[in-house]
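As they're listed, the protein sequences go chains A and B. Residue 1 is where the first sequence starts when you use the working numbering, and the numbers rise one by one after that. Residue 1 is where the second sequence starts when you use the working numbering, and the numbers rise one by one after that. Beta carbons are placed, not taken as given, at the ideal position from N, Cα and C, and that holds for glycine. What you are looking at is a predicted structure, and each value in this text was computed from that prediction instead of being measured. These notes concern the structure reproduced below.
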Amino acid sequence: MRLTVPALIAGTVFGAGLALSDMVNPARVLGFLDVVGPWDPTLAFVMGGAVLASAIGYLFSRRLRAPLFGTSFVIPENRQLDRQLITGAALFGIGWGLVGLCPGPAVAGLVYGIWQVWLFVGSMIVGMILHRVIADSRPTIPTRSHADT
Amino acid sequence: MMLQSLPLAFAVSGGLLIGASAALLLLLAGRIAGVSGMLATMVRIADSGPPWRLAAAFVVGLPLGTMIVSTWVREPQINITSSAPLLILAGLLVGFGTRLGNGCTSGHGVCGIGRLSFRSITATLTFMATAVATVFLTRHLLGA
């Protein structure tokens, strides 16, 4: 309960930011990714503001021994690049570029009741399950015990 | 497809809210605000991650916040012209890729770059590059 309420508030603030900055609109995102078309810089400003605020939060967290409502900070410490990271990011980027939706805006956009967004989110969860099934069926490749996200 | 440009104040303040959300989750709960990881935990397919209730609450908050802004501040227009097969393919790639690469635009982009993580910066540059290449390919070479 002590962690549920802060998480709900954080999620709500996140969703509010996505709607305010129009990131829930895939056309806006594609306008940024289309660098030779009539380029739309919006995503760069959104990302700039987001990274700035998140960096301030991170710097502040380093001065604390523990989070306000938790026992410890859970921050990935892995510094090694590996093939999974690069391949995964590359595949994610292709999917993102195909329709202009990434996980945050897609989940937030469910609220508009547009079937395309629901179909995308459903497929995204299937893709996640697919990864889990493949990872489980290949015990020779150790699954990482930490998460970046 | 030409969009009306968004006032800069909306873009920046929206971005600040997203970053503030990441800061809030970190300072209050000690966790990284990565949407793909939270969603995977919520549907119980992640082998590590935050407690289920935390992940579920964060994920549920997303559409809640979007609804609040859409009702009282500004109503975004959602333009999606992609066909159903394309949406399915894109969804599969995003779901699979974010699990394999341990994060998406929020976890790697907003949070990871914010703490200057080498892995996250590399991941972000990679997915930005393939996304730009994909848009170039589909819009300008294939003319979709």
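Check	Outcome
Apply the 10 Å Cβ neighbour rule to A:Val-117 and answer buried if 16 or more other Cβ atoms are within range, or exposed otherwise.	buried
If you pair each beta-carbon of the stretch 1-13 of chain B with each one of the stretch 115-134 of chain B, do three or more pairs fall below 8 Å?	no
Less than 7 Å between C-beta atoms, sequence neighbours within five positions excluded: which residues of the same chain meet that for A:Val-99?	Pro-26, Phe-120
Rounded to a whole number of angstroms, what is the C-alpha to C-alpha distance between A:Leu-30 and A:Pro-6?	32 Å
Under a CB-based cut-off of 8 Å, is B:Ile-121 close to chain A?	no
Grab me the residues of B:Arg-74's own chain with a C-beta within less than 8 Å of its C-beta, minus the 5 sequence neighbours each way, in chain order.	Phe-10
Between A:Thr-149 and chain B, is the shortest Cβ-Cβ distance under 8 Å, so that the two count as touching?	With a pLDDT of 49 at A:Thr-149, under the threshold of 50, the modelled position of this residue cannot be trusted, and the question is left open.
Could you check if B:Ala-20 is buried or exposed, using at least 16 other CB atoms within 10 Å of its CB as the buried criterion?	buried
Please name the residues in the stretch 91-105 of chain B whose beta-carbon is closer than 8 Å to at least one beta-carbon of chain A, in chain order.	Gly-91, Leu-92, Leu-93, Val-94, Gly-95, Phe-96, Gly-97, Thr-98, Arg-99, Leu-100, Gly-101, Asn-102, Gly-103, Cys-104, Thr-105
Here's the rule I'm using: 16 or more other beta-carbon atoms within 10 Å means buried, otherwise exposed. How should B:His-140 be labelled?	exposed
Do you know how far the Cα of B:Arg-31 is from the Cα of B:Asn-102?	15 Å
According to DSSP, is A:Phe-45 part of a helix, a strand, or is it coil?	helix
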